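There are 2 protein chains.
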Amino acid sequence: MSSPNPDTRQRILQATADLLSEGGGTGVRMSDIAKRAGISRQAVYLHFANRADLLIATTFYVDELKDTAARLAPSRAAETGRERLDAFVEAWAGYLPEIYPIGRALIDMSPTDEEARSAWAQRMQDMREGCEAAISALKRDGDLAPGLPASQATDLLWTLLLLPNWEHLTRTCGWSQKQYLKHITATARRLFVIDA
Amino acid sequence: MSSPNPDTRQRILQATADLLSEGGGTGVRMSDIAKRAGISRQAVYLHFANRADLLIATTFYVDELKDTAARLAPSRAAETGRERLDAFVEAWAGYLPEIYPIGRALIDMSPTDEEARSAWAQRMQDMREGCEAAISALKRDGDLAPGLPASQATDLLWTLLLLPNWEHLTRTCGWSQKQYLKHITATARRLFVIDA
DNA sequence: TGATCACTTGACACTATGTCAAGTCCGAAT
DNA sequence: ATTCGGACTTGACATAGTGTCAAGTGATCA
Chain S
1 MSSPNPDTRQ RILQATADLL SEGGGTGVRM SDIAKRAGIS RQAVYLHFAN RADLLIATTF
61 YVDELKDTAA RLAPSRAAET GRERLDAFVE AWAGYLPEIY PIGRALIDMS PTDEEARSAW
121 AQRMQDMREG CEAAISALKR DGDLAPGLPA SQATDLLWTL LLLPNWEHLT RTCGWSQKQY
181 LKHITATARR LFVIDA
Chain F
1 MSSPNPDTRQ RILQATADLL SEGGGTGVRM SDIAKRAGIS RQAVYLHFAN RADLLIATTF
61 YVDELKDTAA RLAPSRAAET GRERLDAFVE AWAGYLPEIY PIGRALIDMS PTDEEARSAW
121 AQRMQDMREG CEAAISALKR DGDLAPGLPA SQATDLLWTL LLLPNWEHLT RTCGWSQKQY
181 LKHITATARR LFVIDA
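Quick note, the sequences are listed as chains S and F, same order. Using full-length UniProt numbering, read the first sequence as starting at 1 and increasing by one per residue. Using full-length UniProt numbering, read the second sequence as starting at 1 and increasing by one per residue.
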């Protein structure tokens, strides 16, 4: 989509992210977004082809804005493994509620939007892999296992793995719940030594 | 709502549950439901005041139909604690995907439906308490702890506790993510002895 | 035969998305 | 100073879904 005025485009994206984060869900209207951005409803279509296009763009905008990679990377300031893990958990817990409502609104759109669905599926896949890679890095650094009881680490990291996957795998990708639990178990066993 | 013909009402509820489970999400229309139930669109309104009313009724219908309490209760046939836990996990993993899409469709409805939102909040609260009570019973029976490594039980049960709470607590009830993590941690520590 | 109940049919108001055409405003080039 | 073009506004419209209403049908029961 061409972008007449980049500033206006940014304001639209910010307005969308704000309204969705405030809990509007699918109920957020194009007119609400336009009003929040301080432009007319029709002007939104000068920047984005349709609602789906805007929502997908918003997920990437949130990433860009918050510099997620930096937030999810292990903090260099923290000294013990426990501190680094806590920092990771906090970053993730702050990131997820920003990105999640947007994805939900996307997935719940009209079933005719197959394009939007698959775009979001790819997006969630990326997020999951990024999360698993960050956890792997935490472990490979040798900073996690020594400073922390294995059982506690496992509990916390299951939380992180679970949240962004449930809806994606069972609905968008057609995984069964059984497959999902199997995947979670396998991932946890791979990343941490459970009962070994 | 008065129910002209109970059979028709049942067919509507079954059609709604089926369509939502098949992944239609918020995109499931009243006309789709009517078609699946084999009646006219307008006839649905003879049984349910509106879309929200129908969705809420569907959550209770699923419970009634599947006899959830029986499925979530520890299986008497299973002998070891591990077997009973596995049965519980399987029952829960089968129940959740049936009830969850309906709740999602409810939460994502137009933000004007405050009534529907609070009805669903109560519904989720009940589910969470039911889940925690079932887990408590498993533990109180003394069948869980002895037969099973504590770390493995914790991993599995965190999965069960997490899923139905995330959306409910952080969106519908206005909990922050920090409050949510704290609640999960406290519950897990209360139900199982972690690091003690 | 006549009445009632469950449902149908067709029409309507309302709201949200997305499109279109014409108009306004403002800054930059000539 | 005037003209031009781009960004946005305004108003109108087509389309689709929800919810309402009034009239009609068809089977069952008194």
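The beta carbon of each residue, even a glycine, is placed where N, CA and C say it ideally should be. From a predicted model like this one, the values you see are computed outputs, not experimental measurements.
**Study point:** Through-space distance from residue 4 of chain S to residue 43 of chain S, alpha-carbon basis
**Key:** 10 Å
Review point. Given a threshold of 16 other Cβ atoms within 10 Å of its Cβ, counted over all protein chains shown, does residue 101 of chain S qualify as buried or as exposed?
Key: Buried.
Point to revise | residue 118 of chain F versus F/29, F/56, F/28 and F/32, residue with shortest Cα-Cα distance | key: F/56
Check your understanding: At a Cβ threshold of 8 Å, is residue 99 of chain S touching chain F?
Key -> No, no contact with chain F.
Check your understanding: What span of residues does the alpha helix (DSSP H) with residue 42 of chain F cover, start to end?
Key -> Going by DSSP, residue 42 of chain F is part of no alpha helix (DSSP H) at all; its letter is neither H nor E.
Review point. When we look at the beta-carbon of residue 60 of chain S and count the other beta-carbons within 10 Å, is it buried (16 or more) or exposed?
Key: exposed
**Study point:** Endpoints, alpha helix (DSSP H) assigned at residue 6 of chain S
**Key:** First-last of the alpha helix (DSSP H) with residue 6 of chain S: 6-19.
Check your understanding: If we count the other Cβ atoms within 10 Å of its Cβ and call it buried at 16 or more, is residue 105 of chain S buried or exposed?
Key -> buried
Exercise for review: For residue 108 of chain F, return the contacting residues in chain S, with the cut-off set at a CB-CB distance below 9 Å.
Suggested key: 25, 26, 27, 104, 105 and 108
Review point. Run through DSSP, which three-state label would residue 105 of chain S get?
Key: helix
Practice item. Verify the contact flag: residue 106 of chain F, CB atom, against every heavy atom of the ligand ATP, threshold strictly below 7 Å. Key: Absence of the ligand ATP from the depicted structure is noted, as is the absence of any ligand whatsoever, leaving it without description.
**Study point:** Assumed close pair residue 7 of chain S, residue 26 of chain F - CB separation to whole angstroms, cut-off 8 Å
**Key:** With 8 Å as the limit, residue 7 of chain S and residue 26 of chain F do not qualify as a contact, their Cβ atoms being about 32 Å apart.
Exercise for review: Rounded to whole angstroms, what's the CA-CA distance from residue 114 of chain F to residue 41 of chain F? Just pull it up for me.
Suggested key: 25 Å
Exercise for review: Figure out for me which residue from S/64, S/133, S/30 and S/20 has the closest Cα to the Cα of residue 48 of chain S.
Suggested key: S/30
Point to revise | Candidates S/22, S/12 and S/126, of which the one nearest residue 53 of chain S by Cα | key: S/12
Check your understanding: With burial defined as no fewer than 16 other Cβ atoms inside 10 Å of the residue's Cβ, what is the status of residue 103 of chain F: buried or exposed?
Key -> buried
Check your understanding: Candidates S/17, S/116 and S/19: which alpha carbon is nearest residue 50 of chain S's?
Key -> S/116
Review point. Near residue 15 of chain S, what residues of its chain come up, given a Cβ to Cβ distance below 6 Å and the 5 sequence neighbours on each side ignored?
Key: 33, 36 and 37
Review point. How would you call residue 17 of chain F, buried or exposed, if buried means at least 16 neighbouring beta carbons within 10 angstroms?
Key: buried
Practice item. Measure the C-alpha to C-alpha separation of residue 95 of chain S and residue 64 of chain S and round it to an integer number of angstroms. Key: Distance between residue 95 of chain S and residue 64 of chain S, taken at the CA atoms: about 12 Å.
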